[in-house]
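Presented below is the structure to which this report refers.
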Amino acid sequence: MPTAPLLLILDTETSGINVAQHEVLEIAAVLYSVEHQCSLQQISTLIPTDLETNPAEAINRISIAAANATPPELSDYLCQTINYWGAIAQHVVAHNAEFDRKWFKNHPILADLYDRPWLCTCHDFTWPKQHKPGQKLIDLALAHGIGVSSAHRALTDCQLLSALFDRMEDLPGLIAAAASPKRLVRGDVSYGDRQLAKDAGFRWDGDSKQWLCKLSENELAKLPFRYTVLESAVPEGAALPGTALPGTAPEQADSRSTEPKTSEKVSGKTVAPIQSPLEHPVVKFSKVADDTIPFQVKSP
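1294 is the number of the first residue of the sequence shown in my numbering; add one for each residue after it.
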């Protein structure tokens, strides 16, 4: 059993965004050594399916015929290997991890991955050359001098993440910061100041009409606007309750939020009592550009 820190870099390509209606058509993984700062092994496989069509074929270019040309016993064997990698890895890492993780909860082979510690390279990491929080993977790669020759296949995205890790001067420190405890926070900004929330990595929840984000104590201290803490700690890889895609805030409705009557002001900030995530309906993430399927996306 390896003792040096390992990461399981993972990505999926699916037929849609609804776990109840769609399926994983491809899974890829890279077993990455933090100590040696390089990939150790790579796996990619299409997964046979009973689906008649792939609604996302225009995006990921995976035909049902191609998926079913994969020998089931070989696909199962490779999935079992990925499952083992997850067991020995310190973290499972994915870009927009919330989307990928949900497919494994009831998976016949990969269900163990669901309960492993997850890190999201889109929302948990602060990259040296990122232009703003929550950037798309292709944009991050280009900002760090990594060429992109293709997209929308699972292994390509894993390799881009691996290349990003290769270039980090303090990879253990970067991972430690990403894994640090985070709070679920509501940004208390007016409609006119909504760009401040976007720039800080907050995402708009169209149902509860709130700007939400998971932030560490250090990140909270740097916010240029008032905020309300909704949860004292958010587990690694946990989904944000009631979140929508970045940049999908409504452009015609005032998003100014009201402070809870029982809130307490501390150093100009607003800290509310812990609020149950069940009070916020979850809006499913979809995959656009390098990590989403646009035909399902509806702006508020």
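Backbone N, C-alpha and C define an ideal beta-carbon position, used for all residues, glycine too. None of the values given here were measured: they were computed from a predicted structure.
Q. Ordered along the chain, which non-local residues of its own chain (more than five positions away) have a Cβ less than 6 Å from that of ILE1439?
A. Looking up residue 1439 in the sequence shown gives position 146. Counting only Cβ-Cβ distances below 6 Å, and skipping sequence neighbours, we find ALA1456.
(Q) Measuring only from the beta carbon, is LEU1406 closer than 7 Å to any heavy atom that is part of the ligand COA? (A) This structure simply doesn't include the ligand COA, nor any ligand for that matter.
Q: Spell out the partners DSSP gives ARG1479 in its beta bridges.
A: Position 186 of the sequence shown, counted from the first residue, corresponds to residue 1479. Answer is LEU1505, THR1521, bridged to ARG1479.
Q | Buried versus exposed, by CB contacts within 10 Å (16 or more), CYS1331 | A | As a first step, residue 1331 is located in the sequence shown; it is residue number 38 there, counting from the start. It counts as exposed.
Q. Looking at C-alpha atoms only, which residue of TYR1377, LEU1523, ALA1387, LEU1339 is the closest neighbour of PRO1365?
A. On the sequence shown, residue 1365 is found 72 positions in, with the first residue counted as 1. For the residues TYR1377, LEU1523, ALA1387, LEU1339, the minimum Cα distance to PRO1365 belongs to LEU1339.
Q | Delimiting residues of the beta strand (DSSP E) encompassing LEU1324 | A | What you label residue 1324 is simply residue 31 of the sequence shown in a count that begins at 1. Element bounds for LEU1324: 1317-1326.
(Q) Could you tell me the alpha carbon to alpha carbon distance between GLU1306 and ALA1322, rounded to whole angstroms? (A) Taking the sequence shown and counting its residues from 1, the one referred to as residue 1306 is at position 13. Taking the sequence shown and counting its residues from 1, the one referred to as residue 1322 is at position 29. So the two alpha carbons sit approximately 12 Å from each other.
Q: Would you kindly check if the distance between the Cβ of PHE1392 and the Cβ of TYR1407 is under 8 Å?
A: Along the sequence shown, read from residue 1 onward, the residue named residue 1407 stands at position 114. Along the sequence shown, read from residue 1 onward, the residue named residue 1392 stands at position 99. It is not a contact, given that the beta carbons lie outside the stated cut-off.
Q: Return helix, strand or coil for ALA1313, following the three-state DSSP convention.
A: Position 20 of the sequence shown holds residue 1313. Residue state, collapsed to three classes: coil.
Q) Using the beta-carbon count (16 or more within 10 Å), is LEU1367 buried or exposed? A) Counting from one through the sequence shown, the residue named residue 1367 turns up at place 74. Exposed is the call here.
**Q.** Enclosing beta strand (DSSP E) for CYS1413 [first to last residue]
**A.** The sequence position of residue 1413 within the sequence shown is 120, counting from 1. First-last of the beta strand (DSSP E) with CYS1413: 1411-1413.
Q.
Taking the alpha carbon of GLU1316 as the reference point, which residue from GLU1345, VAL1327, CYS1506 has its own alpha carbon closest?
A. By one-based count along the sequence shown, residue 1316 stands at place 23. The candidate whose alpha carbon is nearest that of GLU1316 is GLU1345.
Q) Along the chain, where does the alpha helix (DSSP H) that runs through GLU1391 open and close? A) Within the sequence shown, numbered from 1, the residue matching residue 1391 stands at position 98. Counting along the chain, the alpha helix (DSSP H) containing GLU1391 begins and ends at 1390-1394.
**Q.** Local Cβ density within 10 Å of GLY1485, reported as buried at 16 or more and exposed below that
**A.** Walking along the sequence shown from the start, residue 1485 turns up at place 192. So GLY1485 counts as exposed.
(Q) Within the continuous beta strand (DSSP E) that includes GLU1510, where are the two ends? (A) Reading the sequence shown from its first residue, position 217 is the one you call residue 1510. Note, GLU1510: premise wrong, no beta strand (DSSP E); alpha helix (DSSP H) at 1510-1514.
Q | Counterpart residues of VAL1385 in DSSP-defined beta bridges | A | Counting from one through the sequence shown, the residue named residue 1385 turns up at place 92. Paired residues: LEU1301, TRP1411.
Q.
Less than 6 Å between C-beta atoms, sequence neighbours within five positions excluded: which residues of the same chain meet that for LEU1333?
A. In the sequence shown, residue 1333 corresponds to position 40, counting from 1. LEU1324, SER1326.
Q. Between VAL1482 and TRP1497, is the Cβ-Cβ spacing less than 8 Å?
A. Residue mapping note: residue 1482 aligns to position 189 of the sequence shown, counting from 1. Residue mapping note: residue 1497 aligns to position 204 of the sequence shown, counting from 1. No, Cβ-Cβ distance for VAL1482 and TRP1497 is not below 8 Å.
**Q.** Per-residue burial, GLU1462 [other beta carbons within 10 Å of its own, 16 or more giving buried]
**A.** Here residue 1462 is taken as the residue at index 169 of the sequence shown, counted from 1. By the 10 Å Cβ count, GLU1462 comes out exposed.
Q) Between SER1308 and ALA1359, is the Cβ-Cβ spacing less than 8 Å? A) The residue you call residue 1308 lines up with position 15 of the sequence shown. The residue you call residue 1359 lines up with position 66 of the sequence shown. Not closer than 8 Å, so no.
Q. With respect to the alpha helix (DSSP H) encompassing ILE1431, which residues constitute its N-terminal and C-terminal limits?
A. For the purposes of this step, residue 1431 is identified with residue 138 of the sequence shown, where counting begins at 1. 1430-1436 is the span of the alpha helix (DSSP H), which, as asked, contains ILE1431.
Q.
Could you compute how far the alpha carbon of GLN1423 sits from the alpha carbon of ASN1389?
A. Looking up residue 1423 in the sequence shown gives position 130. Looking up residue 1389 in the sequence shown gives position 96. Those two C-alpha atoms are separated by around 15 Å.
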